[in-house]
Structures are given as C-alpha cells and as structure tokens.
Amino acid sequence: VVSVAALAHPDRLRGEAARAYAEFAATGGECAPWQAALLGGRHLVVDGLLGTGLERPLEGEYRAAVDCINGARLPVFALDLPSGLHADTGAELGAAVRADMTLSFIGLKLGCFLGAGPDCVGELLFDDLGVPPVIHARLTGALERLTPACLSETLRPRRRGTHKGEQGHALVIGGGAGMGGAIRLTAEATLRAGAGLVTVATEPDNARTVTATRPELMARGIEKAAQLGELLERADIVVIGPGLGTQDWGRSLWQTALASTRPLVVDADALNLLAEAPVRRSSWVLTPHPGEAGRLLGMSAADVQAGRLDAVRELADRYGGIAVLKGAGTLIAGENGAVAVCDRGNAGMAAPGMGDVLTGVIAGLAACGRPLLEAARAGVLAHALAGDDAAAAGERGMLAGDLFRHIRRRVNPG
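Start counting at 1 in the sequence shown, then tack on 591, and there's your number in the numbering used here.
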C-alpha cells in the first residue's frame, strides 16, 4: 500500500507540479493532507517535501514534518535532495531529513557532499534522466565525483619486467621523540601503495623500531637536518609531517625539505609550520584536515567546514600545487580550480593514524610515476574504499593499520 500526503493543497500547485498532480489524480490517485499519524504502521518514507531551491530555514508545519520524519525511525528514501538541506552548501536550513538513501536527478548537487550533506543523504544514487553531461557540469560547478572506475583508469598493471627502482624511491620524514607511530604508518602505507623503495628519516630511537616491525622499510636516524642531504638526492618523492613536531628538530627538517627541488606530500605538523611562514609551490600535495586548513587560511575550522568547496580552492590558489581537504566528502583541488569529491569512506575512519595512512598512499602512487594530481585523486579514493572494506567487520574499533591489506587490493584494480 502506498499513501501520498502533502503539506500544500493541490490548488496551490503550479506548472510541472500541477500537471503531475493532475495525471496522478486521473489514474485514481489520492493525496491526503499531511499529519504525523500517517506514519503509523508504515515501512518506508519517501521524502519529496521540498525541491532544491530552498534558501531560508524551515519553520511551521514544514519544520514539524521534517522533525516527525526524523523521529519516526523508519527507513527514508529522499528524492533529489533531502528536504531542508541547502543544495549548494550542504547546510541544514533549520532541520533536514536524515535519509538512508537519496536518488538525485539530472545533476549531482554540491550539497550532497558538503557540510551536513553526507549525514543527510545516506547512500547516494544518481539518474541523469537523459540530460547531457555538459548540463551536469554546470549544475555541480565542475565538481567530479570519484568512482572505483577512476582507479582502473589510473592504475594500470605493471610490466612483467619491471624492477623496484622503476617504482620510485620515497623519503618519509617525521616521527619525533614519542611520535614514531605516525611515521611508521605513513611509511608502510607508502610501500603498500606500490613505492619500490621507502626510506624513513626519523628520530634515532624510532629508526630501530621501524625496521624491527617492518623490515622491508629502510630507516635512518636523524639528529641534524644536514643528514637529510644525501637522502633527498636519492628520493623521487618526499613525505614530511607525520609526527614531525614543531620544535627545533622538526622545524629544521621542514626547512631542509622545503629547500629541495623534490616534489612533496605535506601533512600534519609540516602544515602547521607552513601556516606560520606561508610559501607557494607547484610541486606538492597539501593534505590538511579542517583544523589545519583553518590555520593555513587564517580562519576557524568551523568556517572551513561551512564553506569546504571555497576553502579547498583557496588552498590550491594560495599555496599552489594540489590541496586535499580531508573529511566526510574529501575534496581534491588543483590550481586550475577543478575539484573532485570522494564520498566513499565511513565513520570508522575517525580514528588515530588514518590521515597518516592517506598521506602514505598518495606518496606511494606518486613514487610510481603518477602525476601529483592523479596520485592525490587515486590515493584518496583507494584509501576510502579500503576503509569501507575494513568496516565490513564493524566501524567501531577500526584501526588505521586495518586498512593495509585492503589498500594493496585497491591499488591493484582488476
């Protein structure tokens, strides 16, 4: 049994809505006035209360209806966009329907991926209804949604005759006193993503632990930044930041890496040091979470979250290179203004070390010869999909290291 309820009287409908209602009524369909009691005994709610043009906070009977739907504990299927969600910013306009699944039409709305969008949309489906893709691009502001097919297009099988030297040498710098775990996670992720050789430059005590727990890694204990010179010369890609710290040791290593000509993947404390003394560079990937992005842009993390699309574009424009703004709906921007979004991943990835692993995956793909933008896009997607694979055993209690075996599979698409 399907029951239809409406908050607006049919006489108030205009245009396409009025014609659709007339066709519905002509088939014998009935539409009852909305009341909360209609949800009793139902098994599914289809949310089609509002369209995509909402600009002001919900109030009155519309706010009450959204609150009622959210409180009913029934599965919710939203049409085009959950009611109450801003189509462009993902802001909840007073309140928004929390759907389990959303079917978006014609073009994917930015709000599905930004702000509260990921929490309100649930699983996102899309149907272009036969409208040409060029129209979709206009609607989404050239925002590209990353799909598993992107990995197959980017990560081709290796030649049978290749050797580790052809797969690149990554230098991973960080892991100050008491922070060896971060650099260890990054280093293994770099290997798992396919780098042929990985050298870890870290505090001397950490160097012994790194090789003891993962003998495929090379480690060098670093006391003074001058010791990095030889290592930088041999590297194809340099990672800096995880566990680096912002004291004298970390600062000196950061300055030395920054002065090199090698492409960089920059994370964690290195981003905080960059925020203190901003420079612009084209050959790097910056991987901030909202707090780090706020420091880089001189704003609060809340402001970054409220305008994630503008923030990631500003990061790429101000600092150059590639910006990866982490979070639910990670965004990747290049200097040309184009932005890609990854809506894979899950709440189990809100755990220590997940960002360190992502940094390593991006670096590993770059070491193999992928351009930085391709490495960032593929790395973000492979990391998110590996997180979803790991979450099959449950989100609560997931560890960053649980992703490693899944990363290996994801960077080898069939």
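Every residue gets a Cβ at the ideal spot worked out from N, C-alpha and C, and that includes glycine. Source: prediction; values computed, not measured.
Cβ neighbour criterion (16 or more within 10 Å) applied to residue i
i	result
Thr618	exposed
His997	buried
Ile588	Any answer about residue 588 is impossible in this case: the structure gives the chain only from 592 up to 1005.
Ser1064	Since the displayed the chain opens at 592 and closes at 1005, residue 1064 lies outside it and no answer follows.
Val692	In the sequence as presented, Val is not what sits at residue 692; that position holds Met. Exposed.
Glu683	buried
Lys815	exposed
Lys917	buried
His677	buried
Leu755	One point to set straight first is that residue 755 is Lys, not Leu, in the sequence displayed. Classification for Lys755: exposed.
Thr852	exposed
Val870	exposed
His880	buried
Arg775	buried
Ala969	buried
His600	exposed
Leu788	buried
Asn863	buried
Pro724	exposed
Ser695	buried
Asp908	exposed
Glu614	exposed
Ala1008	Residue numbering for the chain in the displayed model covers 592 to 1005; residue 1008 lies beyond these limits and cannot be assessed.
Pro854	buried
Asp827	buried
Endpoints, the alpha helix (DSSP H) within which residue i is located
i	result
Leu694	Looking at the DSSP string, Leu694 is not in any alpha helix (DSSP H); the run it does join, the beta strand (DSSP E), is Met692 to Phe696.
Glu926	Where Glu926 is concerned, there is no enclosing alpha helix (DSSP H), given that its DSSP letter is neither H nor E.
Thr793	No alpha helix (DSSP H) contains Thr793, which is instead part of the beta strand (DSSP E) from Leu788 to Thr793.
Cys959	First-last for Cys959: undefined, no H or E at that position.
Ala656	Gly651 to Gly662
Gly771	Gly771 to Arg783
His997	Phe995 to Arg1001
Identity of the residues DSSP links to residue i by a beta bridge
i	result
Glu683	Leu676
Cys933	Thr921
Ala669	Asp638 and Thr693
His760	Leu788
Val876	Val856 and Ile913
Option nearest residue i by Cα separation, candidates the options
i	options	result
Ala761	Ala792, Cys711, Asp901 and Ser594	Ala792
Ala982	Asn1003, Ala942 and Leu956	Ala942
Leu906	Ala893, Asp934, Leu877 and Gln896	Leu877
Leu641	Leu672, Asn927 and Phe615	Leu672
Cys1060	Leu972, Leu887, Gly992 and Thr847	Only positions 592 to 1005 of the chain appear in the structure, and residue 1060 is not among them; the question remains open.
Val546	Ala868, Pro624, Leu737 and Thr753	With the chain running from 592 to 1005 in the structure shown, residue 546 is simply not present.
Phe668	Ala687, Glu650, Asn863 and Val636	Val636
Arg633	Val592, Thr753, Ile913 and Ala608	Val592
Pro709	Gly836, Asp718 and Gln896	Gln896
Arg647	Ser874, Gly662, Thr680 and Ile923	Thr680
Glu714	Arg610, Glu744 and Pro666	Pro666
Ala719	Asn797, Arg886, Phe704 and Leu699	Checking the sequence shown, residue 719 turns out to be Asp, not Ala. That would be Leu699, whose Cα lies nearest to the Cα of Asp719.
Leu835	Ala803, Gly787 and Val763	Val763
Ala938	Asp901, Arg987 and Asn927	Arg987
Gly978	Gln846, Ala966 and Gly944	Gly944
Lys950	Gly992, Arg935 and Asp858	Correcting the residue type first, residue 950 is Thr in the shown sequence and not Lys. Comparing Cα positions, the closest option is Asp858.
Leu716	Ala707, Ile831 and Cys703	Cys703
Cys566	Thr921, Ile813, Asn927 and Gly925	The shown model of the chain, from 592 to 1005, leaves out residue 566, and the question about it has no answer.
Glu965	Met770, Leu737, Thr643 and Pro795	Leu737
Gly574	Arg961, Pro1004 and Met989	The first residue shown for the chain is 592 and the last is 1005, placing residue 574 beyond what the model contains.
Arg825	Glu757, Leu701 and Ala967	Glu757
Leu900	Leu705, Ala597 and Gly685	Leu705
Ala810	Gly820, Thr790, Ala803 and Ser891	Thr790
Ala780	Asp796, Thr800, Ala655 and Ala958	Ala958
Ala655	Ala861, Leu645, Gly985 and Gln626	Gln626
Gly785	Gly812, Gly752 and Leu746	Leu746
Gly820	Cys659, Glu744, Trp845 and Val657	Trp845
Residue i CB to nearest heavy atom of the ligand NAP below 8 Å
i	result
Gly681	Questions concerning the ligand NAP fall outside what the structure shown contains, since it holds no ligand whatsoever.
C-beta neighbour in chain C for residue i, strict 9 Å
i	result
Ala966	No chain C appears in this structure, which consists of one protein chain only.
Uninterrupted beta strand (DSSP E) stretches inside the stretch 698-754 (no shorter than 3 residues): 714-718 and 734-736
Unbroken stretches of the alpha helix (DSSP H), 4 residues or longer, contained in the stretch 884-918: 892-897 and 899-910
Entirely enclosed alpha helix (DSSP H) segments - the stretch 593-649, minimum 4 residues: 606-617
Any alpha helix (DSSP H) of 4 or more consecutive residues that is wholly inside the stretch 801-860: 819-825 and 839-850
Residue ranges of each alpha helix (DSSP H) within the stretch 968-995, 4 or longer: none
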